[in-house]
Amino acid sequence: MVFVLWAVATILFLMFRLMPSNPLAAYIDPTFTIEQQAILMAKFGLDKPLWEQYFIYLWNLLHGELGDSFFYRQPVGQRVLELLPNTLILTFSSLIVAYMFGIIAGAWLAWKRDTFAERVSIPMVLATRAMPEFWLGMLLLAVFSFSLGWFPAGGTRSPGSEYSGYLALYTSRDFLAHLVLPALTLAIYSQGLPLLLMRSNMLEVMHEDFVTMARIKGLSNWTVVVRHAARNALLPVMTSFAISVGYQIQGNVVVETVFSWPGLGRELVNAVSASDYPLAQGAFLMIAVVVVLMNLLADLLYGLLDPRVSHA
Amino acid sequence: MPELTTARKPHALHWLTRRFARLQIPLDDPFAVTGLIIYAVFILVAIFANQLATHDPLEILYSETYELSSNLRPGEDGFILGTTSLGRDIYSQLIYGSRSALLIGITAAFMVAVIGTIVGLLSGYFGGWIDIVLMRAADIAFGIPFLPFVIVLSAFLEPSIWNVVFAMALILWRDTGRVIRSQVLTLRTRTYIDAARIAGSSDMKIVFSHIAPNILPLSFLYGSIAIGWAILTEAAISFLGFGDPETISWGYMLQDAYASQALSTGGYYWFVPPGICIILVVVAGFFISRGYEEILFPKLKD
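Residue numbers (the working numbering), protein chains in the order written: chain A, 1 to 312; chain B, 1001 to 1302.
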């Protein structure tokens, strides 16, 4: 895992340093003298040979030092950590909704196998997976915000509102109203995975001996399906949650942009557009760390919840 | 092995039908057939885009009285889907968008399937250090957040639709590679492979003419999913403003609509059609891959 993170950091370094555009383009005023430019180059360590820059970079990373944003003139680490909660709140609230819906609907569809309801639902679920997330966001925005005026159009809070602290902000009505549309967009997109997984697991579990046993015992259909089959079908779905978090964090980029949600993804887009290298690098690394951690967690959970895996 | 002797000097046509049969295109599955029909329609639209389009998609249009034909509703002044805020014909953009979508989708899917298949074959068959190196590379590819990676790459390279294809070729072979590797691991132990080895076939011959044909449907499964991924990724990149402004794509249209306030002015005719086209093409890939899944994993059927 450390190896993967190191490799990702190295690839990132090479990408940012070897690309043609000048990192200081956004920072250096064309009217600056050569000497002034040189001072700035030295300040960001850009005058040293590449390998030396690389070791400075790795050393700094180990110490959690991500440099200063060219644009905000503020430490990148601090800024990225400020944005992380917004992204995590959006990701988790949407995924929790998506999984609750997906698990129930998936079990229900397995129960309704070969009925009209199933035949109509499956293509619809696949269609939600085929939607561009930002397009869905645009649609919801146009309908519920601009046409009906039920929800605010973007950001995390209304202009002029002040909160005493993060807790007060995150629990305020205003914040939650801003959260609904982006979270709903992501939830509609992500419910497909748990739903389809739950359905196919249910179909598989229903053939297992312990389910037949439960039926022979004369238990009601409801008890068999919910208490016996669904519980076991749930395990792999729960491990997919960790992987979904990793994917969602990457996919958030576009949805955050549509809803002007101040998260890591939107910051990455803005930083890349503005050639703000340290900030783009920091946001990218933060996202990569979440992805790698979630992949690891999924592996661990998989072994923990289903011991057959680690014994095989 | 009678199969080998008949295959030695086949006619070109015979060879082709045999290869086609190997792909096992699932023609009895209604999902797969729907998917194939959707593809066929979009391919025809892309080929005949010049004939189908009513205007140049990037031309700024004026009415007969030299007024800018901007923000027209569908049907007004003969514009089938209306015009954009700059006076461009939405219908023609939609038609031309199918070209870049299919171009990106098919090339990216081809790259992903080919790279993933080769990685899986080599890794699974040879094992040892080749396997370790390739699977470590896959681990790294899994650690790189895909969309952010494409964003950074597109921003640094010249704006072009090929950036998405390039990025996909660099990253997305990982899923295909892993799955094919595990498939090869089981195939490797089959007796017919031992037979080929005893008969004196070289490793390369075994890998590419005895093992590869058996995993082709799996490559196709991942390829058909990758078409959708490529189109979705291109749309996202164009939407974020890192696309090629010279190429009309559905993502470009959505970005244009979003940036031109089409959402707040009720311009559904502008941004709904490109989204529906994207969904149709991507879902077609899913449908076809479902057909393949039922062939590959028949257990799902009962």
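From the three backbone atoms N, C-alpha and C, an ideal C-beta is built for every residue, glycine too.
What in chain B is Cβ-close to residue i, meaning under 8 angstroms?
| i | result |
| --- | --- |
| L331/A | Outside the displayed range of chain A (1 to 312) lies residue 331/A, so it cannot be described from this structure. |
| A316/A | What the structure shows of chain A is the stretch from 1 to 312, and residue 316/A is not part of that stretch, so it cannot be assessed. |
| I11/A | I1140, I1144 |
| N295/A | F1142, G1143 |
| A280/A | V1152 |
| M15/A | V1152, L1153, F1156 |
Strictly below 7 angstroms CB to CB, what residues from chain B border residue i?
| i | result |
| --- | --- |
| V272/A | I1151, V1152, A1155 |
| V379/A | Because chain A in this structure spans residues 1 to 312, residue 379/A falls outside the shown range and cannot be described. |
| V8/A | I1140, G1143, I1144 |
Give the DSSP bridge partners of residue i, in chain order.
| i | result |
| --- | --- |
| P1148/B | None, per the DSSP bridge assignment. |
Counting only Cβ pairs nearer than 9 angstroms, list the residues of chain B close to residue i.
| i | result |
| --- | --- |
| P194/A | The premise fails here: P194/A is roughly 17 angstroms from chain B at the closest Cβ pair, so nothing lies under 9 angstroms. |
| L5/A | G1143 |
| N221/A | Ordered by position in chain B, no residue passes the 9 angstroms Cβ test against N221/A, which lies about 20 angstroms from the chain. |
Are residue i and residue j touching if we call contact CB-CB under 8 angstroms?
| i | j | result |
| --- | --- | --- |
| G1120/B | T1186/B | no |
| A98/A | Q191/A | yes |
| F1239/B | F134/A | yes |
| I1104/B | I1288/B | no |
| S240/A | L197/A | yes |
| V291/A | G1228/B | no |
| G1035/B | G1267/B | no |
| L264/A | L5/A | no |
| P1145/B | I287/A | yes |
| A1108/B | A1212/B | no |
| S244/A | L95/A | yes |
| Y1222/B | G1116/B | yes |
| A1259/B | F1271/B | no |
| M131/A | I1090/B | no |
| R1188/B | Y1125/B | yes |
| V255/A | P182/A | yes |
| L179/A | S93/A | yes |
| L193/A | R113/A | no |
| G102/A | L186/A | no |
| L184/A | A9/A | no |
| A1196/B | I1180/B | no |
| F1031/B | R1290/B | yes |
Starting from the beta carbon of residue i, find every residue of chain A whose beta carbon is closer than 7 angstroms, and list them in chain order.
| i | result |
| --- | --- |
| P1148/B | Q250, V253, L268, F284, I287 |
| G1228/B | A130 |
Distance check for residue j and residue i, CA to CA, integer angstroms please.
| i | j | result |
| --- | --- | --- |
| M1135/B | S1123/B | 8 angstroms |
| V1184/B | I89/A | 41 angstroms |
| T1233/B | P152/A | 27 angstroms |
| N1050/B | I1038/B | 20 angstroms |
| L140/A | E35/A | 52 angstroms |
| W59/A | F13/A | 13 angstroms |
| W111/A | V224/A | 11 angstroms |
| L176/A | N1214/B | 52 angstroms |
| G303/A | L235/A | 11 angstroms |
| A242/A | M294/A | 5 angstroms |
| G1241/B | P75/A | 27 angstroms |
| Y1292/B | L1094/B | 30 angstroms |
| A26/A | A283/A | Legend: pLDDT at A26/A = 47, less than 50; position of this residue unreliable, no value from coordinates given. |
| V253/A | M213/A | 48 angstroms |
| L1218/B | P1273/B | 32 angstroms |
| L301/A | V211/A | 24 angstroms |
| D1203/B | S1224/B | 29 angstroms |
| L268/A | A280/A | 5 angstroms |
| D1302/B | L1216/B | Residue confidence for D1302/B is low, a pLDDT of 42 falling below 50, so the modelled location carries little weight and cannot support an answer. |
| N86/A | P262/A | 7 angstroms |
| I104/A | I1130/B | 44 angstroms |
| L109/A | E118/A | 6 angstroms |
| S1209/B | F1110/B | 19 angstroms |
| F16/A | D1029/B | 47 angstroms |
List the residues of chain A whose Cβ lies closer than 9 angstroms to the Cβ of residue i, in chain order.
| i | result |
| --- | --- |
| L1254/B | P132, F134, W135, M138 |
| A1236/B | P132, E133, F134, G251, V253, V254 |
Measuring only from the beta carbon, is residue i closer than 7 angstroms to any heavy atom that is part of the ligand ATP?
| i | result |
| --- | --- |
| S145/A | Of ligands this structure carries none, so the ligand ATP is not represented either. |
How would you list, in chain order, the residues of chain A whose beta-carbon sits under 8 angstroms from the beta-carbon of residue i?
| i | result |
| --- | --- |
| L1240/B | V253, V254, T257, V269 |
| D1244/B | Neighbours of D1244/B on chain A: none; closest Cβ ~16 angstroms, over 8 angstroms. |
| F1208/B | Going along chain A, no residue has its Cβ under 8 angstroms from F1208/B, so there is no contact; the nearest lies around 30 angstroms. |
Check whether the segment 1240-1253 of chain B and the segment 1095-1112 of chain B are in contact - that is, three or more C-beta pairs closer than 8 angstroms. yes
Count Cβ pairs between the segment 1138-1157 of chain B and the segment 1165-1172 of chain B that sit closer than 8 angstroms; are there 3 or more? yes
Specify whether the segment 208-228 of chain A and the segment 119-139 of chain A touch according to this definition: at least 3 beta carbon pairs, one from each stretch, less than 8 angstroms apart. no
Determine contact between the segment 1147-1157 of chain B and the segment 269-284 of chain A, defined as no fewer than three beta-carbon pairs at a distance below 8 angstroms. yes
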